[in-house]
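Going by the working numbering, the first residue of the sequence shown is number 98, and it counts up by one from there. C-beta atoms are modelled at their ideal positions from N, C-alpha and C, and glycine is treated no differently. The model shown is predicted, which means the values in this text are computed figures rather than measured ones. Please read the structure below before turning to the comments.
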Amino acid sequence: MTGDRMTVRTALDTLLAGNRRFTAGTPEHPNQDAARRTAIAPAQSPFAVLFGCSDSRLAAEIIFDRGLGDLFVVRTAGHVLGAEVLGSIEYGVSVLGSPLVVVLGHDSCGAVAATRAAVQDGTTATGYVRDVIERVTPSVLAARAAGHTEDTDFIDTHIVHTVDLLMERSRVLADAVEAGTAAVVGLSYRLADGTARLVTVRGLDVPADSHA
Ligand SMILES: [Zn+2]
């Protein structure tokens with residue numbers, strides 16, 4: 098991919114095709130050899146910025162069947178956003194030229210579960226874990242206010258909120274989406290079967306399947 102910028106649509110199709118190979122048990126492990134390693138050493142041109150939960154069960158290159166130089170990965174517990182995250186995502190889009198930004202959430206997310214428990218019981222966490230919980234709290238409150246009780250609905254709400262927050266806080270990203278040079282999508286990953294469902298889409302005309 099080095100040197101040739103993918104279109105927004107091709108980037109999304111490429112990512113989802115890799116996830117289908119992974120779930121089907123027919124991965125191709127592209128771009129993982131010595132030739133690729135050498136080819137991209139001078140410069141990277143990842144086709145997607147992947148901003149996901151740090152959870153050890155959703156390793157980005159594995160679940161999307163990609164290799165070196167394909168994904169610019171930013172991960173935090175519960176995919177919570179701060180200035181460093183915004184700067185990293187903007188770097189991927191405006192400096193490296195990635196046409197796609199993905200927010201990757203998942204079922205049984207510990208950060209969302211801990212926040213639901215904290216909201217329900219009025220408890221709080223110690224140290225900087227508290228910061229993570231505070232940043233997930235608006236999503237949990239919104240899901241509760243909408244009458245949701247299922248884990249899937251809380252996860253979808255948090256993914257949509259994260260995409261909204263990205264678009265709201267990053268002028269660089271909002272402008273790129275407006276100009277049609279980038280799209281932002283939210284994906285919900287299922288731990289048990291490995292599927293990534295499109296929850297929300299900004300800057301592309303493709304159908305999403307949201308439970309939010
Ligand atoms: Zn998680």
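_Coarse secondary structure for Ala-145, derived from DSSP in three states_ = In the structure shown, Ala-145 adopts extended strand secondary structure according to DSSP, grouped into three states.
*Leaving out five residues on either side along the sequence, give the residues of the same chain with a beta carbon under 7 Å from the beta carbon of His-308.*
Thr-249, Asp-250 and Asp-253
*Where Arg-154 falls: helix, strand or coil (DSSP)*: coil
*Are at least three pairs of beta-carbons, each pair with one atom in the stretch 126 to 138 and one in the stretch 166 to 175, less than 8 Å apart?*
yes
*Provide the residue(s) that pair with Ser-307 in DSSP beta bridges, ordered along the chain.*
Partner(s): none; Ser-307 has no beta bridge.
*Looking only at C-alpha atoms, which of Leu-301, Arg-102 and Ala-210 sits nearest to Gly-175?*
In terms of CA proximity to Gly-175, Ala-210 leads the group Leu-301, Arg-102 and Ala-210.
*Mind the definition here: the stretch 264 to 271 touches the stretch 219 to 232 only if three or more C-beta pairs lie below 8 Å; say whether that holds.*
The stretch 264 to 271, when compared against the stretch 219 to 232, does not touch it at the 8 Å Cβ threshold.
*asked:* In the DSSP output, which residue or residues are listed as bridge partners for Arg-299?
replied: When DSSP reads this structure, Arg-299 sits in a beta bridge with Val-281.
*asked:* Which residues does DSSP list as the beta-bridge partners of Ala-293?
replied: Tyr-286
*Just the C-alpha distance for Arg-118 and Pro-143, rounded to the nearest angstrom, thanks.*
Each residue's alpha carbon lies about 20 Å from the other.
*Distance cut-off 6 Å: Ala-211 Cβ against heavy atoms of ligand 1*: no
*Within 6 Å: the Cβ of Asp-228 and any heavy atom of ligand 1?*
no
*With distances taken Cα to Cα, identify the nearest neighbour of Arg-102 among Leu-178, Pro-196 and Ser-191.*
Measuring C-alpha to C-alpha distances from Arg-102 to each of Leu-178, Pro-196 and Ser-191 identifies Pro-196 as the nearest.
_Selected residue, minimal CA-CA separation from Ser-205, among Ala-293, Tyr-286 and Ala-114_ = Tyr-286
*Who are Val-170's beta bridge partners in DSSP?*
The bridge partners DSSP lists for Val-170 are Leu-147.
_On the criterion of 16 or more Cβ atoms from any shown chain inside 10 Å, does Val-192 qualify as buried, or is it exposed?_
exposed
*Would you say the beta carbon of Asp-250 comes nearer than 6 Å to a heavy atom of ligand 1?*
no
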